[in-house]
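Student: First residue of the sequence shown? That's 1 in UniProt numbering, and the numbers climb one at a time after it.
We put the CB at the ideal spot given by N, CA and C, even for glycine.
The structure displayed is predicted, hence computed values, not measured ones.
This is the structure I want to talk about, given as structure tokens.
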Amino acid sequence: YRTSLNWALLQNIITVAGLGPYKVTQLFVGTANTVGARSTLHFDHNDNVYMQVSGVKRWILFAPSDTPYLYPHPVHHELDRRSKLDLAMPPMELRRRFPR
1 YRTSLNWALL
11 QNIITVAGLG
21 PYKVTQLFVG
31 TANTVGARST
41 LHFDHNDNVY
51 MQVSGVKRWI
61 LFAPSDTPYL
71 YPHPVHHELD
81 RRSKLDLAMP
91 PMELRRRFPR
């Protein structure tokens, strides 16, 4: 598999984008049937490069300094990269359950 990847191009993207060292590759593919698919509020340990071929993707980004207000699970919890918040909740329900 390594011979099919253009490592020089990848290294150029990493350098130009100011990303950290290459660690892992993940490919997420959706179809027209995945309309409405979403991921929970989380953080990634690795840098991300995102390419949208068609359709729409909504991103909500938070500064690292906002972490305490995003109700993360405790470190070493099985969901420690995810928030307890469900941003799909109505705003009033979010405020009631998570007042900070």
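Taking DSSP as the reference, what is the three-state secondary structure of serine 4?
Tutor: In this structure, serine 4 counts as helix in the three-state DSSP scheme.
Student: What runs of the beta strand (DSSP E), each 3 residues or longer, lie entirely inside the stretch 6-83?
Tutor: Listed in chain order, nothing qualifies, since the stretch 6-83 has no complete beta strand (DSSP E) run of 3 or more residues.
Student: Is the CB-CB distance between valine 24 and asparagine 48 below 8 Å?
Tutor: For valine 24 and asparagine 48, no; Cβs fall outside 8 Å.
Student: Tell me, to the nearest whole angstrom, how far the beta carbon of residue 113 is from that of leucine 85; I am working on the premise that it is less than 8 Å.
Tutor: Only positions 1 to 100 of the chain appear in the structure, and residue 113 is not among them; the question remains open.
Student: Give me the Cβ distance between threonine 40 and arginine 82, rounded to the nearest whole Å; I'm assuming they're in contact under 8 Å.
Tutor: Sure, about 5 Å apart at Cβ, within 8 Å.
Student: Given a cut-off of 8 Å on the beta-carbon distance, is the pair aspartate 80 and proline 90 in contact?
Tutor: No.
Student: In three-state DSSP terms, what is proline 91?
Tutor: Helix.
Student: Return helix, strand or coil for aspartate 86, following the three-state DSSP convention.
Tutor: If DSSP states are grouped into helix, strand and coil, aspartate 86 belongs with coil.
Student: Measure the alpha-carbon distance for glycine 18 versus glutamate 78 and round it to whole angstroms.
Tutor: The straight-line gap from Cα to Cα measures roughly 30 Å.
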